[in-house]
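Mind the numbering: the sequence shown is residues 15 to 192 in the working numbering, read in order. For each residue, glycine too, the CB sits at the ideal point set by N, CA and C. Every value quoted in this text rests on a predicted model; they were computed, and no experiment measured them.
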Amino acid sequence: MTGDQPGAPQTRRGPIGALLDRFGHLIHELSKFATVGGFAFVVDFVLFNLLSSGRDMPPLAAKTISTVIAATVAFLGNRFWTWRHRQRSNPAREYALFFFFNAVGLGIAVASLAVSHYGLGAVWPAVFQTPLADNIASFIVGTGLGTLFRFWSYRRFVFVDAGTPPVPATSHDRESGA
Numbered sequence: 015m016t017g018d019q020p021g022a023p024q025t026r027r028g029p030i031g032a033l034l035d036r037f038g039h040l041i042h043e044l045s046k047f048a049t050v051g052g053f054a055f056v057v058d059f060v061l062f063n064l065l066s067s068g069r070d071m072p073p074l075a076a077k078t079i080s081t082v083i084a085a086t087v088a089f090l091g092n093r094f095w096t097w098r099h100r101q102r103s104n105p106a107r108e109y110a111l112f113f114f115f116n117a118v119g120l121g122i123a124v125a126s127l128a129v130s131h132y133g134l135g136a137v138w139p140a141v142f143q144t145p146l147a148d149n150i151a152s153f154i155v156g157t158g159l160g161t162l163f164r165f166w167s168y169r170r171f172v173f174v175d176a177g178t179p180p181v182p183a184t185s186h187d188r189e190s191g192a
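Structure representation (structure tokens):
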């Protein structure tokens, strides 16, 4: 006998191993989420440029169409790959919540840009009212914070965990008396 039990979970040694044992599933989900998001970004970028330049569509119409299609691709990727192990609820509910949280994530990016450009830019315009500062505030800070929010909200509200199984009812039918 080696002392190993068949089916016993293997644990890693050391502090890094302990962190991976504890948060490995989260890292795995986050990497899938990032892959889906990157693919959706490429879909959005390509479609926008194809529609606005190749089809001479007005930019706002092209952006609306490309964003809806990219968000749908992201929804499908997250539903059927990132969180495929999660309980499925009403697909229309999931899709509506997904778009709602996408809008909140967009608001976070816009708020980051506004704080930088208008708030900090009022104090130091030579630095914060430049295209570089706007891109950093919007695409790095805003998109970063928005992505963290979307990951948390999709995981918490859209693609919900199945939860714990119900506990069977216990009987409290004790006869009082001595």
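Could you check where the alpha helix (DSSP H) with residue i kicks off and where it finishes?
{"i": "Val118", "result": "105 to 128"}
{"i": "Pro145", "result": "145 to 149"}
{"i": "Leu134", "result": "That residue, Leu134, is in no alpha helix (DSSP H); it is neither H nor E in DSSP."}
To which residues of the same chain is residue i closer than 8 Å at the C-beta, ignoring the five residues directly before and after it?
{"i": "Val129", "result": "Ala151"}
{"i": "Gly17", "result": "The pLDDT assigned to Gly17 is 49, lower than 50, so where the model puts this residue is not dependable, and the model offers no usable value."}
Using C-beta distances below 6 Å, list every residue in its chain close to residue i, excluding the 5 sequence neighbours before and after it, in chain order.
{"i": "Val87", "result": "Ala54, Val57"}
{"i": "Ala85", "result": "Asn116"}
Just the Cα atoms here: how many angstroms apart are residue i and residue j?
{"i": "Phe142", "j": "Arg27", "result": "47 Å"}
{"i": "Pro29", "j": "Phe37", "result": "12 Å"}
{"i": "Asp70", "j": "Gly121", "result": "28 Å"}
{"i": "Gly119", "j": "Phe113", "result": "10 Å"}
{"i": "Phe62", "j": "Gly52", "result": "15 Å"}
{"i": "Val50", "j": "His42", "result": "13 Å"}
{"i": "Leu134", "j": "His99", "result": "44 Å"}
Below 7 Å CB to CB, which residues in the same chain sit around residue i once its five sequence neighbours on both sides are set aside?
{"i": "Thr157", "result": "Ala123"}
Cβ-heavy atom distance between residue i and the ligand COA below 6 Å?
{"i": "Phe37", "result": "This structure lacks the ligand COA, and indeed carries no ligand of any kind."}
Beta-carbon separation of residue i and residue j under 7 Å?
{"i": "Thr96", "j": "Phe165", "result": "no"}
{"i": "Tyr109", "j": "Phe94", "result": "no"}
{"i": "Ser67", "j": "Pro73", "result": "no"}
Does the count of Cβ pairs from the region 152 to 165 and the region 67 to 78 closer than 8 Å reach three?
no
Whether or not the region 98 to 111 and the region 165 to 176 are in contact is what I'm after, with contact meaning three or more pairs of Cβ atoms, one per stretch, closer than 8 Å; do they touch?
yes
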